[in-house]
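Single-structure report; data block below.
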Ligand code: AMP
Ligand code: ZN
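Numbering (this note's numbering), first residue to last: 274 to 752.
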């Protein structure tokens with residue numbers, strides 16, 4: 274059974290779906306005002322790894338992931354997990370700031386970056402979620418929810434006409450992050466630390482009244498023209514698409530507080546029960562020793578890998594070589610090394626002629642059990658490396674086993690298969706299959722000279738290879 278570290282429980286917990294056989298996952302998605310960087314992608318890989326592991330045990334998995342196209346404030350992060358609340362609803366909206374500097378409409382920019390996010394996920398083999406709702410298209414859900422929270426006495430209209438959540442109206446605030454209300458200190462923005470529009474410094478906005486100057490991303494509501502606060506979109510989408518019992522909620526570690534804490538308070542207050550069963554967070558990725566940031570100039574995108582001629586699945590393999598709960602310092606050298614390993618495994622899968630009966634089930638089980646053990650993917654890669662290197666094991670067994678494990682790994686290890694051999698009536702010896710696979714790889718990298726050399730070698734061995742639309746076709750040469 275799958276076990277994952279639950280941030281709220283502070284322990285590795287068995288994951289038993291509320292509905293038998295059906296795992297429901299809510300994944301915090303991207304804010305689409307810029308490209309997701311490889312650190313973001315590491316976090317977005319998390320639900321995919323969980324889903325593949327659950328699938329392998331026959332579970333149905335439903336993933337909902339939000340697309341934030343309404344924007345958050347530039348400085349809405351509070352003071353992280355330090356426990357001090359900076360109201361932070363005053364800053365500039367990130368979507369609007371991006372629209373301003375690009376001179377376009379905020380939603381047009383959002384659509385562009387959403388498409389790029391979807392493409393990046395595909396390049397990393399991250400399965401598409403069942404629902405990918407846009408915040409801008411779920412505003413009525415948020416309005417209804419805010420109405421419910423006001424009705425139930427969990428929210429109030431503040432001095433500025435905005436609607437605030439009353440943090441003191443819930444009894445277990447802080448369950449995820451450990452930041453209890455009595456320990457939260459006010460921020461420094463207002464005199465005395467307290468926003469005069471709110472009753473209590475740790476209250477947060479559910480709906481913000483818009484200034485007249487704001488013309489985009491505003492909606493009319495019973496509380497005037499405005500826009501949603503940071504956390505309400507996730508509550509609205511989670512309840513709408515997954516219902517009142519959600520097995521796993523994922524996100525990056527920075528989202529623990531205030532985002533998930535506030536989201537949890539709202540969701541539970543609206544429904545009257547604990548909705549999310551397990552909170553799972555991925556640690557941050559650094560690049561070449563530093564936090565990725567625009568100002569440090571070390572933001573790396575999936576596109577940057579492609580520009581360097583590196584298959585994005587090499588990044589996925591590099592992620593698999595680490596534990597999701599460990600902060601990792603990635604480097605180009607590590608990505609290159611993963612790319613090399615990926616090529617080797619693909620070649621192994623491609624060169625052997627293998628059948629399902631060749632699969633080493635013991636190895637497949639070992640890998641699956643490691644995934645189930647709080648996604649200990651790094652250990653799984655280590656044992657697979659040893660297995661693939663072991664000269665006493667038949668290449669067909671290695672190929673078949675890697676191909677089956679790829680359901681979990683998602684490395685597209687069988688990519689060269691269909692292109693390698695379209696049709697042959699003859700039994701292909703291993704050395705010929707190996708040459709064919711090498712030729713396929715040469716052609717994939719447009720090395721036509723090498724491709725011709727291998728064709729001549731095959732001819733010497735008595736085989737004629739021809740290139741067709743879908744790949745290479747092989748037959749015995751006539752003497
Ligand atoms: P954003 O698009 O900024 O809302 O971030 C999307 C996701 O990426 C969130 O779940 C963040 O917690 C996560 N995230 C942000 N920075 C990093 C990083 N350096 N490494 C891993 N995850 C990150
Ligand atoms: Zn969220």
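Beta carbons: idealized from backbone N, C-alpha and C, even for Gly.
Counted within 10 angstroms of its Cβ, other Cβ atoms place residue i as buried (16 or more) or exposed
i, result
"residue 732", "exposed"
"residue 586", "buried"
"residue 566", "exposed"
"residue 763", "In this structure the chain extends from 274 to 752, so residue 763 is not present and cannot be described."
"residue 485", "exposed"
"residue 693", "Per-residue confidence for residue 693 stands at a pLDDT of 49, beneath the threshold of 50, marking its modelled position as unreliable; no derived number is given."
"residue 510", "buried"
"residue 737", "exposed"
"residue 713", "buried"
"residue 739", "exposed"
"residue 471", "buried"
"residue 539", "buried"
"residue 573", "buried"
"residue 568", "exposed"
"residue 580", "exposed"
"residue 525", "buried"
"residue 734", "exposed"
"residue 283", "exposed"
"residue 655", "exposed"
"residue 719", "exposed"
"residue 703", "exposed"
"residue 724", "buried"
"residue 456", "exposed"
Same chain, Cβ closer than 7 Å to residue i, five either side skipped, listed in chain order
i, result
"residue 276", "285, 286, 287, 288, 645, 646 and 647"
"residue 404", "337 and 514"
"residue 678", "637, 640 and 657"
"residue 447", "453, 454 and 534"
"residue 245", "Past the edges of the chain, shown from 274 to 752, lies residue 245, and the structure says nothing about it."
"residue 413", "none"
"residue 753", "In this structure the chain extends from 274 to 752, so residue 753 is not present and cannot be described."
Supposed close pair residue i, residue j - CB separation, criterion 8 Å
i, j, result
"residue 596", "residue 649", "7 Å"
"residue 671", "residue 626", "The Cβ separation is near 12 Å, so there is no contact."
"residue 397", "residue 575", "7 Å"
"residue 499", "residue 491", "6 Å"
"residue 479", "residue 436", "5 Å"
"residue 618", "residue 686", "6 Å"
"residue 329", "residue 680", "6 Å"
"residue 506", "residue 408", "4 Å"
"residue 402", "residue 340", "Contact flag wrong, Cβ pair sits at about 10 Å."
"residue 730", "residue 708", "6 Å"
For residue i, the nearest candidate out of the options (CA to CA)
i, options, result
"residue 637", "483, 482, 517 and 675", "675"
"residue 669", "710, 678, 662 and 624", "624"
"residue 438", "427, 445, 378 and 444", "427"
"residue 537", "467, 508, 715 and 498", "508"
"residue 496", "518, 301 and 434", "434"
"residue 301", "310, 656 and 504", "504"
"residue 520", "297, 475 and 303", "297"
"residue 588", "570, 552, 599 and 608", "608"
"residue 311", "666, 292 and 390", "390"
"residue 488", "370, 632, 294 and 725", "370"
"residue 563", "706, 600 and 516", "600"
"residue 290", "335, 569, 313 and 309", "335"
"residue 292", "457, 494, 374 and 517", "517"
"residue 555", "323, 332, 618 and 719", "323"
"residue 746", "705, 721, 719 and 445", "705"
"residue 423", "320, 401, 544 and 583", "544"
"residue 432", "410, 420 and 482", "482"
"residue 399", "729, 634, 730 and 593", "593"
"residue 631", "598, 666 and 655", "666"
"residue 332", "316, 315, 321 and 294", "294"
"residue 415", "547, 512 and 442", "512"
Contact set for residue i: own chain, Cβ-Cβ below 6 Å, skip 5 residues either direction
i, result
"residue 383", "305 and 342"
"residue 368", "306, 344 and 379"
"residue 559", "602"
"residue 673", "627, 631 and 632"
Cut-off 8 Å between Cβ atoms - residues of its own chain near residue i, not counting five sequence neighbours on either side
i, result
"residue 449", "280, 281, 529, 530, 533, 534, 537 and 552"
"residue 661", "617, 618, 621, 671 and 675"
"residue 355", "In this prediction, residue 355 scores a pLDDT of 35, lower than 50, which makes its location untrustworthy; the coordinate-derived value is nonetheless stated afterwards. Result list for residue 355: empty, nothing under 8 Å."
"residue 760", "This structure leaves residue 760 out entirely; the chain is present only between 274 and 752."
- What residues does the ligand ZN have around it, judged by CB closer than 5 Å to any heavy atom, in chain order? 301 and 507
- Query: When a residue counts only if its C-beta is closer than 5 Å to some heavy atom of the ligand AMP, which residues count, in chain order?
  - Reply: 301, 303, 304, 312, 313, 315, 316, 524, 525, 527, 528, 557 and 558
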